[in-house]
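Everything below concerns the one structure shown next.
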C-alpha cells in the first residue's frame, strides 16, 4: 500500500538508515501544524459547501485518517481533538459557542474520537509495517552489495577493504578492519572514511575484549564488533561512532556485516594457506630435484677419484712386496692419474657452476658494469678454454667499430665460456665454432635519421646436430641435458648463461641454424651513457706527451 | 732432494691440506719450504727465513693477506704470489695494488704454480733497465723507443707505446688497471678504465695476429693485463 504524499525512495539506493534528513524536533512541529491545517481545511470546505452535519463528520474523519496515515499518532490525535472542538464551535448549534444543545451531539463527538483513534491506530500499524519492509529491503540490498564485494575480493586485504568501506557508509563515519598480528597486537588491514587514529589505549581496550569469548565493545568514541568464524578470532571491525549513537537498525546490520566479513576473511586465509602450501611443495620439489641431481653429479667424480687414488695407494703398498698381486703397469697408472685430474676438474666446474647459479638466482650478485670492448671478453674466454678447444677451428667476426658494452666482464666471460663449452661438448671434434657480434641499431624515435645502437648481439654458432626441435627454449632450464650429452655435465651451464643475460637486462635465445647446427644469441643492451673516448686517441708517436 | 742452494719459498697458508700439497709438490721441484699459518708468523719468517718468493693465501685467521702484503712491501721487494678463491676479483686487485706480483685462483695445477713462481724469480733476478726487450717476434728498443714485429716497424701512439713498454718490462706480471693508468696517464686518471681498454684494443690490432685471440697481451678479467712470459 502506497500512502499519498510520500514517495518511497528508490529501492536500489536506500538511504543509509543512520542518516536521517532534518532534525526530529522540527519534523514533529511541522507534522502537528500540518494536522491542524488539515482540520482547518476540512472546516473551510465544509463551510464553503454548506454541508450538513453527517457529511461534515465524514469530512473531519477523513482529515483524521489522513493525519494518522501521514504524520502518525500525535498529530492524528491532535486532528481528532481539534476536529471535535472546531466542529462544535462552528457547526453545532448554537454555533460559535462551545455549548452543546442536544445530547446526541455528544455521542457524535464520542464516535468521532473513537473512529479517529481506531483509524489512526490501524494506519500507524500499516505504516510501520511498510517502513520495516523498506528498511529490510535496504538492509538486504546493503548486505547483498557487501557480499558481492566480498566475493570479488581475492585476499584478506580486499575483503577487509570492502567491509570497512560499506561499514563506513552505513554508520556515516569511519570504519577499519583490524587483524591480530604475530606479536599479539592489532594490525590495521583496511580503513575507510576519516582516519580513525586509534590511540594505544584504544587498541588495548579493543584487544582486551577480544580474548576468551570475544564480544562487541564500545567506548566514548568507538564501537567494535569481533569478526570470528569457527570459534576463531580473525579480526575486528572498528567504527568511529560509538554504539549508543547508532540506531538499532544499523547495529543489527553491522552484526550481519561482521558475520559476512568473518567468513570472507576465513576464506581468504584458507586460500592463502593453500597457496603457501603449493609454493612450499614446488620449492620442495625443486630443492629435491636439485639435491638429487647435485648429489649424483658430485658423487660420480668423487667415486672415480677415490677409486683411482686408493688403487694407486694400494698398488704402491703391494709393489713393496713383490708377487703380492695388485701391482699395476705404468700405462694403467698414468690412466688412473689422468682420471683423478680430470674428475677433480669436473668437480671444480660443477661446484663453480652451482655457486654461480645460486648467486645469480638469489639476486645476491651485484653486476659490476664497466664499459669494455667485447673483443677483450671474447679473448679472455677463448684463452680460458685454450686446452678444451684444442684443435677446434674458431672463427671470430667482431667488427672493429663495435661500441663498448656496459657489462660485468667476469660474468659475461663466464657466459661465453659456458656457451663455447656447450658448443664443444655437443658437436663433433674438429667442427667449426663461430663467434660473431653486431650492433643492433634502431632508428631514434624523434629524428628518424640518426640511428642509435640499442644493444650488442653476440652469436655463437656451431655445426653440430642442433637442438632437439621443440626444446629450443628448454635448453636453458636447470638440469636440462641434451640427448648427446653423455655422462658429463649437470645441465647448469646454459641456465647460468641465461642468468647472466637477465642480470644485464639482456636476452639469450637458442635456435637451429639453416644448414644444420645450433645458434645461441646473447643480446646485451647498452644501458647508461657511454664514456667519452680518450682525448688523444689518434695522436702520433712522439706527439704530445701528457694528454689530459 | 733439497740442497742449501735451492730457492726458499715462504708458504703462508692456514689450511693443512693445502700446505701438505704445496710441501710435497714444491720440495719435489727443488724448493726449500718455510711455512707460516698466520700473518704474524709470516712476518717473522719473512725476516728471519729470507725467502726468495712468498706464496700468500689471502684468508688468514689473524688478519688479511693484503695488510700483510703492505707491511712486507715497506722493506722488502720479495715476489709475492697471492693464492685466492675465485670470484673475488676485487680482492685480487687490492692485493696486486698493495704490491703483490701475481695471483693464482684456487684450485690450480702444480704446473701453473711452478710457472708463475719461476717467472717471478726470473723477474726478481733480472737486472731492470735492459735496453731491449724481446718477446717472441716482438722487439722493443726502450732506448730508441722503437717497436718492431718481425721485420716490420710498428707505429704506436705515445700512450700505446708506454702501455706496451710497461707491460713488456714486467713479463708475466699482472698489472692492474689502476697501476697502468697511474703510470701512463697519471694519478688523476686511475678511474678511467675504459681509456686503457680502448688503447689495449688498438694495441692488439697492431701487435696480435687475431686481436680476439691475443698471444701476447693477455687480459685478466676485471683485474688488469699481463704480457705473456715467453722466457
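Residue numbers (our numbering), protein chains in the order written: chain A, 7 to 554; chain B, 182 to 412. Just so it is clear, CB atoms sit at the ideal spot from N, CA and C, and this is done for glycine as well.
Does the separation of the CB atoms of residue i and residue j fall below 8 Å?
i, j, result
"residue 436/A", "residue 470/A", "no"
"residue 622/A", "residue 158/A", "In the structure displayed, chain A extends from 7 to 554; residue 622/A sits before or after that span and is not available."
"residue 70/A", "residue 153/A", "no"
"residue 65/A", "residue 50/A", "no"
"residue 173/A", "residue 243/A", "yes"
"residue 419/A", "residue 404/A", "no"
"residue 259/A", "residue 176/A", "yes"
"residue 129/A", "residue 75/A", "yes"
"residue 239/B", "residue 405/B", "no"
"residue 291/B", "residue 260/B", "no"
"residue 178/A", "residue 198/A", "no"
"residue 236/B", "residue 249/B", "no"
"residue 423/A", "residue 390/A", "yes"
"residue 387/B", "residue 335/B", "yes"
"residue 314/A", "residue 346/A", "yes"
"residue 380/B", "residue 321/B", "no"
"residue 350/A", "residue 378/A", "no"
"residue 509/A", "residue 373/A", "yes"
Whole angstroms are fine: how far does the CA of residue j sit from the CA of residue i?
i, j, result
"residue 382/B", "residue 327/B", "20 Å"
"residue 263/B", "residue 323/B", "30 Å"
"residue 217/B", "residue 360/B", "29 Å"
"residue 68/A", "residue 149/A", "40 Å"
"residue 301/B", "residue 354/B", "8 Å"
"residue 87/A", "residue 118/A", "9 Å"
"residue 121/A", "residue 101/A", "24 Å"
"residue 385/B", "residue 394/B", "9 Å"
"residue 517/A", "residue 344/A", "36 Å"
"residue 245/A", "residue 201/A", "11 Å"
"residue 95/A", "residue 104/A", "5 Å"
"residue 188/B", "residue 212/B", "5 Å"
"residue 291/A", "residue 358/A", "23 Å"
"residue 476/A", "residue 368/A", "29 Å"
"residue 226/A", "residue 63/A", "54 Å"
Counting only C-beta atoms, is residue i closer than 8 Å to chain A at any point?
i, result
"residue 193/B", "no"
"residue 270/B", "yes"
"residue 374/B", "yes"
"residue 379/B", "yes"
"residue 286/B", "no"
"residue 201/B", "no"
"residue 399/B", "yes"
"residue 394/B", "yes"
"residue 346/B", "no"
"residue 391/B", "yes"
"residue 382/B", "yes"
Between which residues of its own chain and residue i is the CB-CB distance below 6 Å, once the five residues before and five after are set aside?
i, result
"residue 171/B", "The question about residue 171/B has no answer here: the residues shown for chain B are numbered 182 through 412."
"residue 84/A", "38 and 41"
"residue 280/B", "250 and 254"
Kindly list the residues whose CB is nearer than 8 Å to the CB of residue i, restricted to its own chain and excluding five residues on each side of it in sequence; keep chain order.
i, result
"residue 236/A", "272"
"residue 504/A", "482 and 514"
"residue 215/B", "189, 190, 191, 192, 226, 230 and 232"
Comparing the C-beta of residue i with each C-beta of chain B, is any distance below 8 Å?
i, result
"residue 378/A", "yes"
"residue 434/A", "no"
"residue 386/A", "yes"
"residue 537/A", "yes"
"residue 415/A", "yes"
"residue 200/A", "no"
"residue 530/A", "no"
"residue 402/A", "yes"
"residue 419/A", "yes"
"residue 540/A", "yes"
"residue 410/A", "yes"
"residue 367/A", "no"
Apart from the five residues just before and just after residue i, which ones in its own chain have a Cβ nearer than 7 Å to its Cβ?
i, result
"residue 239/A", "186, 216, 220 and 232"
"residue 500/A", "424, 428, 481 and 482"
"residue 200/B", "192, 194 and 216"
Contact between the region 358-376 of chain B and the region 313-328 of chain B: three or more CB pairs below 8 Å? no
I want to know whether the region 459-478 of chain A touches the region 526-540 of chain A - three or more CB-CB distances under 8 Å. yes
Within 8 Å, do at least three Cβ pairs link the region 268-283 of chain A to the region 206-217 of chain A? no
Does the structure place the region 214-231 of chain B close enough to the region 264-281 of chain B that three or more beta carbon pairs sit under 8 Å? no
Quick test of the definition: if touching needs 3 or more C-beta pairs under 8 Å, does the region 272-286 of chain A touch the region 311-320 of chain A? Contact between the region 272-286 of chain A and the region 311-320 of chain A is absent, because fewer than three Cβ pairs lie under 8 Å.
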